[in-house]
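First comes the structure, then the notes that go with it.
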Amino acid sequence: MPIKTYRATADLKENVKVETQARQHKVMVDEPASLGGEDTAENPVELLLSSLGACQAIIARMSAKQFGIDIESLKVELEGDIDSDGFMSNGAIRPGFSDIRYKFHIRTDAPEAEVEKFIQFVEANCPVGDTLQNPVNLVSNGVVIERDETAAAPK
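Throughout the sequence shown, residue numbering follows the numbering used here, covering -19 to 135 in sequence.
Structure below.
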């Protein structure tokens, strides 16, 4: 299967609210009041945790049949640790997650050994989990400065 490129945009709105869009789907992102937001939506790091859990749940649903697993219900519980001093430390403290932990809650009548093999497959085949576990080439394509053409030209 060929490489597929996914695209998304993040458009800063009022205060620290951001409207993200991928294809025709939009998701709002905000920060809690303690971080200058209005607490109207998940913040970016919560969205990352949600993305990992959603990816694992989708892989589970898509692969359950091949493992003979009947999923009555599945929930992924996630949490991660970030040193909030890292946001403004100029590199002295890492700004991202140091640890992410998750737990699967699955209702099924499948034997425990089969469920464990199934979950190992889910973990090994989740693109978001793989992205978090392995280095990624994160490349800036530069900055585009947009100017209001009706404004007076600088002197």
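Using N, Cα and C, we set each Cβ at its ideal position, and we do this for glycine too.
The structure presented is a predicted model; accordingly, all values stated were derived computationally and were not measured.
With fewer than 16 neighbouring CB atoms inside 10 Å of its own CB, V124 falls in the exposed class. DSSP, reduced to helix, strand and coil, places A72 outside both helices and strands of the structure shown, so it counts as coil.
Here I49 is buried. Its C-beta has 16 or more other C-beta atoms within 10 Å. For T130, the three-state secondary structure derived from DSSP is coil.
One thing to note: G17 has its Cβ no nearer than 7 angstroms to the Cβ of E26. One alpha carbon belongs to E22, the other to E(-6), and they sit about 16 angstroms apart. Counting the other CB atoms within 10 Å of its CB gives L118 a total below 16, which places it among the exposed residues. Cβ contact annotation for E94 (same chain, cutoff 8 angstroms, sequence separation greater than five): F47, G48 and I49, in chain order.
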